[in-house]
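Engineer:
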Amino acid sequence: MLFNEGSFYHIYNRGNNKQLIFFQERNYQYFLDKVKKYIVPNANLLAWCLMPNHFHLLIQANEATEKLVKEKPIPINALTEGIRLLLSTYSQGVQKQQNLKGNLFQQKTKSKCADEYLTTVFHYIHQNALKAGLVNRIEDYSWCSFREYLINTPDGLCNTSVAYEFMNLDTGRFLEDSYAVISDYKVKLFELE
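With the first letter of the sequence shown counted as 1, position 191 gets the number 199 in the working numbering; the numbers rise by one all the way through.
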């Protein structure tokens, strides 16, 4: 995957054949631990959502993103390697726990430049569980970054200062803006294929 420093990217993948990727509550936290280890050092994480059979990350590429991992036969950037390690180490742990064989995730993780619709994809990611009917209110879903913004959590995974800077988020209107309807046209730009 190619990333340009300063640009924003919506990164997502789902279970192979749309199968579950999270089987127990502790799997969600295990995945987030991997995000903290492999993604956060290599990009500005702005939003995330973990759904039973897929995940979304919204990142801004930074200087660390483009550093090449030289130990590889063909050098790749640090974020691409981080995504590979996130998915492979998570898969190994969950496959062992669940006694599974084969691929847990679809072969290709998607990465779409989100520069043109940054605020929309930010809210789309947070609305995921609500739209899927898993909760009645966005703030009730435990496995997304919404609460990091709602209560301004200092120990969260997201670089909220970058999000506020580039999206002009208004803390006074954050909750209201988060529930704004996203047009079907815009959703088609970045929904799972």
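Ideal Cβ positions, reconstructed from N, Cα and C, are used throughout, including at glycine.
1) Spatial neighbours of Leu7 within its chain, please: C-beta separation below 6 Å, excluding the five flanking residues on both sides.
2) Given a cut-off of 9 Å, decide if Cys152 and Lys51 are closer than it, judged by their beta-carbon atoms.
3) Pull up the CB-CB distance for Gln106 and Phe31, whole angstroms please, since I reckon it's below 8 Å.
4) Can you give me the Cβ contacts of Ile47 inside the same chain, cut-off strictly under 8 Å, excluding the 5 residues immediately before and after it?
5) List the residues that DSSP assigns as beta-bridge partners of His131.
6) List, from N- to C-terminal side, the alpha helix (DSSP H) runs of 4 residues or more that fit wholly inside the stretch 83-145.
7) DSSP three-state label for Met175, please.
8) Less than 9 Å separating the beta-carbons of Tyr20 and Phe11?
9) With H, G and I counted as helix, E and B as strand and the rest as coil, what does DSSP make of Arg34?
10) Using a Cβ-based criterion (distance less than 8 Å to any ligand heavy atom), does Leu53 qualify as near the ligand SAH?
11) Please list, in chain order, all residues of the same chain as Leu77 whose beta carbon is under 7 Å from its beta carbon, the five residues on each side excluded.
12) Mapping DSSP to helix, strand and coil, what is Leu165?
13) Within 10 angstroms of its Cβ, does Glu13 collect 16 or more other Cβ (buried), or is it exposed?
14) Rounded to the nearest angstrom, what separates Lys80 and Thr117 at their Cα positions?
15) Taking Ser186 and His131 to be in contact with their CB atoms under 8 Å, please state how far apart those CB atoms are, rounded to whole angstroms.
16) Does the separation of the CB atoms of Leu126 and Phe63 fall below 9 Å?
17) Pick out whichever of Tyr38, Leu158, Lys139 and Ser150 has its Cα sitting closest to the Cα of Phe182.
18) Exposed or buried, what is Ser150 when buried is set at 16 or more other beta-carbons lying within 10 Å of its beta-carbon?
19) Of all Cβ atoms in chain D, is any one closer than 9 Å to the Cβ of Asn176?
Structural biologist: Looking at the atomic coordinates:
1) Residue 7 falls outside the range modelled here, since the chain spans only 9 to 201, and no answer is possible.
2) Translated into the one-based positions of the sequence shown, residue 51 becomes position 43. Translated into the one-based positions of the sequence shown, residue 152 becomes position 144. The sequence given here has Ala at residue 51, not Lys. Cβ atoms of Ala51 and Cys152: not closer than 9 Å.
3) To locate residue 106, count along the sequence shown from 1; it is residue 98. To locate residue 31, count along the sequence shown from 1; it is residue 23. About 6 Å separates the two Cβ atoms, so the contact holds.
4) The sequence position of residue 47 within the sequence shown is 39, counting from 1. If we look at Ile47 and ignore the five residues flanking it on each side, its Cβ neighbours are Leu53, Leu65, Ile67, Leu87, Gly90, Ile91 and Leu94.
5) Position 123 of the sequence shown holds residue 131. Looking at the DSSP assignment, His131 forms no beta bridge with any residue, so it has no partner.
6) Listed in chain order, they are 86-106 and 126-139.
7) What you label residue 175 is simply residue 167 of the sequence shown in a count that begins at 1. Met175 falls in the helix class under three-state DSSP.
8) Translated into positions along the sequence shown, residue 20 becomes position 12. Translated into positions along the sequence shown, residue 11 becomes position 3. Not a contact, by the Cβ cut-off of 9 Å.
9) As a working note, residue 34 is residue 26 in the sequence shown. Here Arg34 sits in helix by DSSP.
10) No copy of the ligand SAH appears in this structure; indeed no ligand is present at all.
11) Start at 1 with the first residue of the sequence shown, and residue 77 comes out as number 69. The amino acid occupying residue 77 in the given sequence is Val; Leu does not appear at that position. Within the same chain, Val77 has close Cβ partners Pro83, Ile84, Ala86 and Glu89.
12) Sequence index remark: in the sequence shown, residue 165 carries index 157 (1-based). It is coil, neither helix nor strand.
13) Translated into positions along the sequence shown, residue 13 becomes position 5. It counts as exposed.
14) As a position in the sequence shown, residue 80 is number 72, starting the count at 1. As a position in the sequence shown, residue 117 is number 109, starting the count at 1. Approximately 19 Å between the Cα atoms of the pair.
15) As a first step, residue 186 is located in the sequence shown; it is residue number 178 there, counting from the start. As a first step, residue 131 is located in the sequence shown; it is residue number 123 there, counting from the start. That belief holds up - the Cβ atoms of Ser186 and His131 are roughly 6 Å apart, short of 8 Å.
16) Taking the sequence shown and counting its residues from 1, one reaches residue 126 at position 118. Taking the sequence shown and counting its residues from 1, one reaches residue 63 at position 55. No.
17) If you number the sequence shown from 1, residue 182 lands on position 174. Comparing Cα positions, the closest option is Leu158.
18) Looking up residue 150 in the sequence shown gives position 142. Ser150 is exposed by the Cβ-count criterion.
19) Of the protein chains in this structure there is only one, and it is not chain D.
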